[in-house]
Amino acid sequence: MKLFVYGTLMTGEGNHFFLTKARRLADRARVKGDLYDTGFGYPALVRGDGDVWGELYEVTSELLPAIDELEGFRAGRNWNLYYRTTTDVITNFGLQKALVYYYNKPVQSGNKIYSGDWKARS
1 MKLFVYGTLM TGEGNHFFLT KARRLADRAR VKGDLYDTGF GYPALVRGDG DVWGELYEVT
61 SELLPAIDEL EGFRAGRNWN LYYRTTTDVI TNFGLQKALV YYYNKPVQSG NKIYSGDWKA
121 RS
């Protein structure tokens, strides 16, 4: 299955080690949405009209539970930190369907990352 990542799971970021056994399909991909800095060292992707940049991976079903735990997601639970869904990902090799984690809490409008790129947030 395909997974789009846009924050601490990306190459060079603190949680990338979760994806060492995954295959990177695209090192520059994007989804529609808006990106915010939570202030806790990780970003929040919410539905929106902007472009959020990240990477696309092929992951196994064995790897997904560890990523779910990292993202504070459990199927069927309403108070998840993030919710996981399938969305369109734009890559240089065409449109792909992939899993993505959207933030499930309110965001502070002043913390928006207008570039849509977590790595370029500073």
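Following full-length UniProt numbering, the numbering of the sequence shown begins with 1 at its first residue and continues without gaps.
Where is the CB? At the ideal position from N, CA and C, for every residue including glycine.
Per DSSP, reduced to three states, the secondary structure at Asp-117 is coil, with no helix or strand assignment.
Contact between Gly-72 and Tyr-57 is absent: CB atoms are separated by about 19 Å, not below the 8 Å threshold. Proximity of the stretch 12-22 to the stretch 74-94 falls short of the contact definition, fewer than three beta-carbon pairs being nearer than 8 Å. Of the other Cβ atoms in all chains shown, fewer than 16 fall within 10 Å of the Cβ of Asn-92; this residue is therefore exposed.
Close CB contacts of Thr-8 within its chain, under the 6 Å cut and outside five residues either way in sequence, are with Gly-14, Asn-15 and Tyr-42 (chain order). Taking the C-beta atoms as reference points, Ile-113 is found nearer than 8 Å to Leu-35.
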